[in-house]
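Quick notes on the structure that follows.
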Amino acid sequence: MKHKGRNVYMISGGVTKFAKATPDMDFRLRVKKAFDYATNDINLELKDIDGSVASYFSDHFQRQLMSGIMVQDYLGLTPKPSKRVEGGGATGGLAFQTGFEEVASGRMDVCAVYGFETMSHVNTWKGNEFIALASDTNFDYPVGGFYTGYYAMMAMRHMHEFGTTVEQLAKVSIKNHGNALHNPYAQSPMKLTVEDVRNSPMVSYPLTRLDVCTMSDGAAVAILASEEKAFELCDKPVLVKSIGTGTDTMRLSDRPFQKVPLLPNEKESDYKNLKYPGVHSFRAGRTAAKEAYEAAGITDPLNEIDLVELHDAYTSSEIQTYEDLGLCKYGEGGSFIEEGKSELNGKVPVNPSGGLLASGHPVGATGIMQAVFMFWQLQHSVKKHFKNDALQVKNAKRGLIHSHAGTGTYVTVSIMEAVK
Amino acid sequence: MKHKGRNVYMISGGVTKFAKATPDMDFRLRVKKAFDYATNDINLELKDIDGSVASYFSDHFQRQLMSGIMVQDYLGLTPKPSKRVEGGGATGGLAFQTGFEEVASGRMDVCAVYGFETMSHVNTWKGNEFIALASDTNFDYPVGGFYTGYYAMMAMRHMHEFGTTVEQLAKVSIKNHGNALHNPYAQSPMKLTVEDVRNSPMVSYPLTRLDVCTMSDGAAVAILASEEKAFELCDKPVLVKSIGTGTDTMRLSDRPFQKVPLLPNEKESDYKNLKYPGVHSFRAGRTAAKEAYEAAGITDPLNEIDLVELHDAYTSSEIQTYEDLGLCKYGEGGSFIEEGKSELNGKVPVNPSGGLLASGHPVGATGIMQAVFMFWQLQHSVKKHFKNDALQVKNAKRGLIHSHAGTGTYVTVSIMEAVK
Amino acid sequence: MTLDYDAKMPETQEGTEVYNTDPLVVKSHYDIDYIHSYAQDSEFFRALGKKKLLGSKCKKCGYTYATPRGHCMMCGSETEWHELPQVGKVHTFTTCYFGSEKFLSETPFNLIMVEFEGVDSLFMARLIGADQEDIHIGMKVRARFKRNLQFSPTDVYFVPARE
Amino acid sequence: MTLDYDAKMPETQEGTEVYNTDPLVVKSHYDIDYIHSYAQDSEFFRALGKKKLLGSKCKKCGYTYATPRGHCMMCGSETEWHELPQVGKVHTFTTCYFGSEKFLSETPFNLIMVEFEGVDSLFMARLIGADQEDIHIGMKVRARFKRNLQFSPTDVYFVPARE
Ligand SMILES: [Zn+2]
Ligand SMILES: [Zn+2]
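What follows is the structure, given as C-alpha cells:
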C-alpha cells in the first residue's frame, strides 16, 4: 500500500452449511440465514450498516442477472449503497477486499460483504461448462474447455519441474477432508487414505475425484467496520491488517517465462534455473502475497503467520500455493505437505476448516467463508460456532486468507490479526 | 462520507466512438484504443499504473465470462491488482467509484478504470431479452420482461402524479440528439422535432423509438490518481470531490410509499401528499445525490452545479432524474426541460455530450464515458478532444455525473471539480 | 496404444455458419436446461392452481406485500402467506409494441401494476380485454387464472372489472 | 376494442416439466444464437485453411507469441502475424476422462501445451495418436489441419512426431 487508510476490522460473520443442492432456499434466503447469524452474534441492527458489497461469480449459475440487488433488497438494505464485485473463483476474496476499501477509504463505518452461489441449477458437467466459459471462449474453451484439465496440465509441469508426486497431492486431500470431520459447516468430511484418493475415478490425469472440490449451494457474510465502530459494536474484533491482489493472463499459453519476484526471505540464487511462472506456478498468487506482506510488514511468512485458509479447489493448487505464499521455496511444496508442516498440528496449519476440497465451493461465498472461519479462529471462538474445538488452532494470532480464480488469473491475499 | 480519505483526481480519459456494431475489433482492442488515447494524452507509462478496475455488465452480451481479466492481460497490466465491478446500467458509475476508493483508501496511487460492452453479439430483441434477465426472472421477466415497458409504466405514473407530458419527454430527445451533432464520439446525432419523436414507432406507450437509447459497442477509460501523482503526471487534473450511491428493490412492485428524503433546499411541506418513491421516482437516485452532496458540501444543487451528465436511457428518466438530483422539486421535471433550463445554454446544461440517447449505451462503458466527457469539460479541453468547442460549457467548474441501473436499482452520483 | 504418427481427426460435415469472412463472423449457439427451484416462493405458484393469489405479510410489523417475500424488507422478520383480494386498481400501465425476443410474438400486450386495497405494495401482471386507449390509471381490474398451469406468474392475469 | 370483462387467455397444452412439487422445481430452458466476430484475430482462423499456424510477434520488442494477440503485453505495442513452426514439443499435458457437457462425448481426450523453438509462449491444443501413458513432457509433436474447417481452434491438432 502506498499510504495507509483507516484501520479495518472484521466484527462478525456467518456461513450456511454448504451442500450439493439446497432447493428449499433460494440465494436470497441463504444469504439471509448467514446474515442473521452474523448480525445476531453481535446484536447488530440494520441501521448500523452503511452499505454492502455483493459477491457472486456467475450470471449463468444464478439464472438471474443483477442477483446482488435482489439480496440487498431481501436483507432490507435498500436504499443503502452497494455494488457487485466479481473475479471468477477469487470473487469472494475480491469482494472482501472491496469491503475493506469501503471502510479504509472512510466512506463507510460498517460494511456487510455477502457472497453466494447457486450451483445446483444445472448438472455437474453443465456446471463445468459454465466454469469453462470463464476461459478464453475463442481459443481455450473450444479445445476442450475444462478447468480440471487446465489445472492438471499445471500439476504435471509442477511434477516435472520439482518432482512433486501424486502421493503428495493425495496427502492434501487426506488432510483437508480429515480436518472437515470436525467442521459442522463442511460439505464433504471424510477419512481417507492415499489409496482412496488415487483409486477414485480419474478426472483429468493426474487429478482424481478426490483431488478436486465439488459444486455447492451456499452463502457467507462478513461484517467489516472502522476502528471506532468495531470496538463499539463487537467485544472481540479482528484486525484486517492488509490486502494484496495479483492477476495473470487469461490463457495459460500466454504466461511468461521470467524471473521469480522474490520475497524478503528468498534470494535470486534460490531460483537460478527456474523460468517463472511458466505454467507451474501462480504469479498472481505471489504478487498478491508480496503486496499483503509488504503492507503488513511480514518478512518471514512461515514464522510470522500462524494459520492459513487457502483456495484448494485442486490438491495441486494447495501445494503450488504454499510456494507462492513463501511458506516454503518454489519446488518444496510437495515435501511441505509430506513433512506434515501444513497439518492441523504442524508448523502452520493450512485449511484447518477443510478448505474448498471438503467445505465446498459455492464460488461467490467461498472467499468470504474463509474470512469467517479465520475470524472465528482469531477470536478463539471456534468452539462456540462449531460446537467443538477440535479445529481451534491454539496459538492463532495472525492468519492469512487466500482466494483464487481459474488457473490463477486473479488471486487475493488478506492478512488478519487478533488484537484482544 | 464518514471520514475523508485521500483526495482523488482524474488525470486522463479516452473513449471509442460508440457504434451499433464494430466487428473489426473485439472488446479487448476497443479498450486498448481508449486506453492508448488516455495514456498518450499525458504520456503515462504502464509502470505508472498501480492497478485497475474492470467495468462490464453482462456475461451474456460478452459471450465470455471473466472478460475483465482478458482486458487486463491485453493492456499489459498483469500481474497488477484488478477486479470487476458490476451493477447493471450503473456498472460504469460503480466502477468509477471503486477506482476512487482504490486511491482514497491509500491502496493505489494511480488506478485505471476501463469499461466496455459488446452488444452487437446478438440482435436487438435478443439484447432486450438479455437486459430483461436483469429483472426478477421468477416474477417480472416471464410476465413480458422488457425494460422499456417497466420504464414506460414509471413514466405513466409520473405523468399521472405531476402532469408531465409526452411533448416534454420529446424535448429531452431533441436536446440530447441535438447536442450530439457536435460530439464526434456520438452514435446518433440528429436534429429532431417533437413530431419526429412522437411519430417514430411506439415501443412501449408512451415511449417511442426516439425516447429510448440504442445498443452499442464501445469502450471508455478513466485514469484516477492521488493528489501527489495527479499533479506530477498531469497538467490539469480534475478533482473527484465526492461519490454517492443508492439502491432500490429489484421488483418495481416492491417499491415503498413513504416520505421523500429531503435535500437541504427542500422542506417536508413541499411534498405533503406525495407517496415516495412509488414507481414514479428513483429513490436510489435521491439517496446517491444526498450522499454525494453531503460529502461535497452542496446545499443548493441548481446553483452549485454547472453541468450534468446523467443516465438518460429513456427521456422520461432524464426528467425524473432532474428531480432526484434536486435540480428542481419533485413534479417540476417536465417544466424544467420545457423552460430550457437543461439546454446547452440553460441554467445547468444536462447531457451536453448527447447523453446515452445520442452518444450510445455500451453498458459497462457508459458511466465511464460520462466521466471522460465531464473531465474534458472541466479541463476546458473539449475543443482539443472533439475538434470543435460547440459543446464546451463556458463556466464549467463543477460537474455531476450520474449512472443508473434498471428502474433505479443502483444509482451513482459523483461530483467532479476543476482545480486549475 | 503405441504412438500413431499418422493419426487423423475424422473429417465431418459439421460446418459453421459464417456471416462474413473479413472480419470472420460466425454463428455460435449456446443453450442451457436449468433445474430451477422456486424454493420458499413455491406456494405462490402452487396456489395459482387453486385460483388463489398469495402475497406476504410481516409477522412482526404487519407490512403487507403483493408479492411473495420470505422476509420483510422493512424490519427483517419472517413473513407469512397472505391471500390477496382478486380485484384491484391499475396503479400504472403500458402497452408494449416491441419486446424481448421471447415475447415479440405476443406484442402488443399490456403490462399493469395492480394496487390492492389494504396491501402496501404492488403486483405486476398482464391485462387483457382492453386496448391501450381503453386503459386508465385507477381502472378496476380482476384476476383470472389459467386452468393448465405453466408454473409461471402468467398463470394469473387481469381483465377489466365493472366499477 | 371496448372493454371485454370476460376476456380469457386461451388455454394451451404447453406445459412445464416439473421435477418436484415441494419445493416446486421446474425445468427452464434458455438458448442464444450469437453473431460472433473473431475481429482482429480473424486471420488466424482463415489461415488454418491454408495449413498455416499463425502466432504474433511484437513489432517493437520482438516478443513472440504462439497465440494471436493484436498487442504485446510486454510493451503495449502492436504485433504482426508470425508463422509458427509446425513441429514442437509437449511442454505439459493431461488426459481428460470427464469434462464439460459439450465435450463429454469426446472423452477421454488429451490436452497439451506446445512449445515451439524460438517462440516465447505456448499453444494449447488436442493431441491424438497417443494414450495418456504414451505421452511425456518433451515429446515431439506436429500440427495437422482439418480439411473442412469449423473456424475453431480445433481445426488444428497435434500428433506424435518421430524424434
Ligand atoms: Zn416487517
Ligand atoms: Zn512488445
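Chains as they are written, first to last, in our numbering: chain Y, 47 to 466; chain C, 47 to 466; chain H, 2 to 164; chain G, 2 to 164.
Beta carbons are placed, not taken as given, at the ideal position from N, Cα and C, and that holds for glycine.
Since the model is a prediction, treat every value here as computed from it, not as a measurement.
At a CB-CB cut-off below 8 angstroms, which residues of chain H make contact with C:Thr-295? Within the second sequence, numbered from 1, the residue matching residue 295 of chain C stands at position 249. For C:Thr-295, the chain H residues whose C-beta falls within less than 8 angstroms of its own C-beta are Met-74, listed in chain order.
Taking the straight line between their C-alpha atoms, what separation do you get for C:Gly-292 and C:Gly-139? Walking along the second sequence from the start, residue 292 of chain C turns up at place 246. Walking along the second sequence from the start, residue 139 of chain C turns up at place 93. Between the alpha carbons of C:Gly-292 and C:Gly-139 lies a distance of about 12 angstroms.
Closest by CA to C:Gly-190, which one among H:Lys-147, H:Leu-128 and H:His-137? Within the second sequence, residue 190 of chain C is the residue found at index 144, counting from 1. Out of H:Lys-147, H:Leu-128 and H:His-137, H:Leu-128 has the C-alpha closest to the C-alpha of C:Gly-190.
Any non-hydrogen atom of ligand 2 closer than 7 angstroms to G:Lys-61 Cβ: Within the fourth sequence, residue 61 of chain G is the residue found at index 60, counting from 1. The beta carbon of G:Lys-61 sits closer than 7 angstroms to at least one heavy atom of ligand 2.
Ligand 2 and Y:Ser-246: does the residue's C-beta get closer than 7 angstroms to at least one heavy atom of that ligand? Numbered from its first residue, the first sequence carries residue 246 of chain Y at position 200. Not so, every heavy atom of ligand 2 lies at least 7 angstroms from the Cβ.
Distance cutoff 8 angstroms, beta carbons only. Does G:Val-142 sit that close to anything in chain H? Sequence index remark: in the fourth sequence, residue 142 of chain G carries index 141 (1-based). No, because no Cβ of chain H sits closer than 8 angstroms to the Cβ of G:Val-142.
Collapsed DSSP secondary structure at Y:Val-149 in the structure displayed: Position 103 of the first sequence holds residue 149 of chain Y. Residue state, collapsed to three classes: helix.
Spell out the partners DSSP gives Y:Gln-304 in its beta bridges. Along the first sequence, read from residue 1 onward, the residue named residue 304 of chain Y stands at position 258. By DSSP's assignment, Y:Gln-304 forms a beta bridge with Y:Tyr-322.
Beta-carbon spacing of G:Thr-93, G:Cys-59 below 8 angstroms: For the purposes of this step, residue 93 of chain G is taken as the residue at position 92 of the fourth sequence. For the purposes of this step, residue 59 of chain G is taken as the residue at position 58 of the fourth sequence. In this structure, G:Cys-59 does not lie closer than 8 angstroms to G:Thr-93 by Cβ.
Y:Asp-352 burial status per 10 Å Cβ neighbour count (16 or more: buried): Counting from one through the first sequence, the residue named residue 352 of chain Y turns up at place 306. Counting other Cβ atoms within 10 Å of its Cβ, Y:Asp-352 reaches 16 or more and is therefore classed as buried.
Rounded C-alpha distance that separates Y:Lys-217 from G:Gly-77: The count along the first sequence starts at 1 and reaches residue 217 of chain Y at position 171. The count along the fourth sequence starts at 1 and reaches residue 77 of chain G at position 76. C-alpha separation (whole angstroms): 43 angstroms.
Can you list, in chain order, the residues of its chain whose CB lies under 8 angstroms from that of H:Glu-118, leaving out five sequence neighbours each side? The residue you call residue 118 of chain H lines up with position 117 of the third sequence. Pro-86 and Gly-89.
For H:Phe-124, the residue or residues it bridges with in DSSP: Residue numbering aside, residue 124 of chain H sits at position 123 when the third sequence is read from its first letter. Among the bridge pairs identified by DSSP, H:Phe-124 is matched with H:Val-115.
Residue of G:Asp-156, G:Asp-121, G:Thr-95 and G:Arg-143 minimising C-alpha distance to Y:Met-200: The residue you call residue 200 of chain Y lines up with position 154 of the first sequence. When each option's Cα is compared against that of Y:Met-200, the closest is G:Thr-95.
Kindly indicate which three-state DSSP category Y:Thr-412 falls into: helix, strand or coil? Taking the first residue of the first sequence as 1, we reach residue 412 of chain Y at position 366. Look at Y:Thr-412 here: in three-state DSSP terms it is helix.
Compute the Euclidean distance between the alpha carbons of Y:Ala-67 and C:Gly-290, then round it to the nearest angstrom. The sequence position of residue 67 of chain Y within the first sequence is 21, counting from 1. The sequence position of residue 290 of chain C within the second sequence is 244, counting from 1. Y:Ala-67 and C:Gly-290: Cα-Cα distance of roughly 38 angstroms.
Which residue wins for smallest C-alpha separation from Y:Glu-340, given the options Y:Val-149, Y:His-167 and Y:Gly-372? Here residue 340 of chain Y refers to the residue found at position 294 of the first sequence. That would be Y:Gly-372, whose Cα lies nearest to the Cα of Y:Glu-340.
For H:Gly-71, I'd like the list of residues in its chain whose CB is within less than 8 angstroms of its CB, leaving aside the five on either flank, ordered along the chain. Taking the third sequence and counting its residues from 1, one reaches residue 71 of chain H at position 70. Annotation for H:Gly-71: Gln-41, Asp-42, Ser-57, Glu-79 and Thr-80 place their beta carbon closer than 8 angstroms to its own, counting only its chain and skipping 5 residues before and after.
Please return the same chain residues whose Cβ sits closer than 6 angstroms to the Cβ of Y:Leu-123, not counting the five positions on each side in sequence. In the first sequence, the residue the question calls residue 123 of chain Y occupies position 77. Counting only Cβ-Cβ distances below 6 angstroms, and skipping sequence neighbours, we find Ser-98.
With H, G and I counted as helix, E and B as strand and the rest as coil, what does DSSP make of Y:Met-47? Residue mapping note: residue 47 of chain Y aligns to position 1 of the first sequence, counting from 1. Confidence in Y:Met-47 is poor, its pLDDT being 44 and thus under 50, which makes the residue's placement unreliable; the coordinate value appears in the next sentence. Y:Met-47: coil per DSSP, three-state reduction.
Among Y:Met-202, Y:Arg-329 and Y:Gln-118, nearest to C:Pro-125 - alpha-carbon criterion: Numbered from its first residue, the second sequence carries residue 125 of chain C at position 79. Restricting attention to Y:Met-202, Y:Arg-329 and Y:Gln-118, the CA atom closest to the CA of C:Pro-125 is found in Y:Arg-329.
So does G:Tyr-66 have its beta carbon nearer than 7 angstroms to some heavy atom of ligand 4? Questions concerning ligand 4 fall outside what the structure shown contains, since the ligands it does hold are ligand 1 and ligand 2.
Helix, strand or coil: which one does DSSP assign to Y:Val-439? Taking the first sequence and counting its residues from 1, one reaches residue 439 of chain Y at position 393. Reduced to three states, the DSSP call for Y:Val-439 is coil.
Skipping 5 residues on each side, what residues in its chain have a beta carbon closer than 6 angstroms to that of Y:Pro-395? By one-based count along the first sequence, residue 395 of chain Y stands at place 349. Only Leu-353 and Val-439 meet the Cβ criterion.
Cutting at 6 angstroms between CB atoms, please list the residues of its own chain near Y:Val-149, excluding the five before and the five after it. Working through the first sequence from its first residue, we reach residue 149 of chain Y at position 103. Cβ within range, chain order: Val-54, Cys-157, Leu-270 and Ser-272.
Using only CA atoms, which one of H:Val-160, H:Leu-112, H:Phe-99 and H:Glu-12 lies nearest to C:Pro-247? Taking the first residue of the second sequence as 1, we reach residue 247 of chain C at position 201. The candidate whose alpha carbon is nearest that of C:Pro-247 is H:Phe-99.
Going by Cα to Cα distance, which pick from Y:Lys-63, Y:Ser-101 and Y:Asn-225 is closest to Y:Pro-398? As a first step, residue 398 of chain Y is located in the first sequence; it is residue number 352 there, counting from the start. Ranking the options by Cα distance to Y:Pro-398, first place goes to Y:Asn-225.
Quick one: list the residues of chain Y neighbouring H:Gly-63, beta-carbon separation under 9 angstroms, in chain order. For the purposes of this step, residue 63 of chain H is taken as the residue at position 62 of the third sequence. Scanning chain Y for C-beta atoms nearer than 9 angstroms to the C-beta of H:Gly-63 yields nothing, as the closest lies near 15 angstroms away.
Can you tell me whether Y:Trp-229 is buried or exposed? The criterion is at least 16 other CB atoms within 10 Å of its CB, across all chains shown. Counting from one through the first sequence, the residue named residue 229 of chain Y turns up at place 183. Checking the sequence, you will find Asn at residue 229 of chain Y rather than Trp. Within 10 angstroms of the beta-carbon of Y:Asn-229 lie 16 or more other beta-carbons, which makes it buried.
With respect to the alpha helix (DSSP H) encompassing G:Ala-144, which residues constitute its N-terminal and C-terminal limits? Residue mapping note: residue 144 of chain G aligns to position 143 of the fourth sequence, counting from 1. Per DSSP, G:Ala-144 belongs to no alpha helix (DSSP H); it is in the beta strand (DSSP E), 141-146.
Answer yes or no: does any C-beta atom of chain C fall closer than 8 angstroms to that of G:Gln-41? Residue mapping note: residue 41 of chain G aligns to position 40 of the fourth sequence, counting from 1. For G:Gln-41, at least one C-beta of chain C is nearer than 8 angstroms to its own C-beta.
Between G:Met-75 and ligand 1, is there a pair consisting of the residue's CB and a ligand heavy atom that are separated by less than 7 angstroms? Here residue 75 of chain G refers to the residue found at position 74 of the fourth sequence. Judged by the Cβ position, G:Met-75 fails to qualify as a neighbour of ligand 1 at the 7 angstroms threshold, every heavy atom of the ligand being at least this far.
Which term fits H:Val-19, buried or exposed, when burial requires 16 or more other beta carbons within 10 angstroms of its beta carbon? For the purposes of this step, residue 19 of chain H is taken as the residue at position 18 of the third sequence. It is exposed - the Cβ of H:Val-19 has fewer than 16 other Cβ atoms within 10 Å.
For a contact meaning CB atoms closer than 8 angstroms, what does Y:Lys-93 contact in chain H? On the first sequence, position 47 is the one that residue 93 of chain Y refers to. The contacting residues do not exist; Y:Lys-93 stays about 11 angstroms from chain H at best.
Applying the 10 Å Cβ sphere with the 16-neighbour rule, what's the burial state of C:Val-459? Your numbering for residue 459 of chain C matches position 413 in the second sequence. Buried, by the Cβ-count rule.
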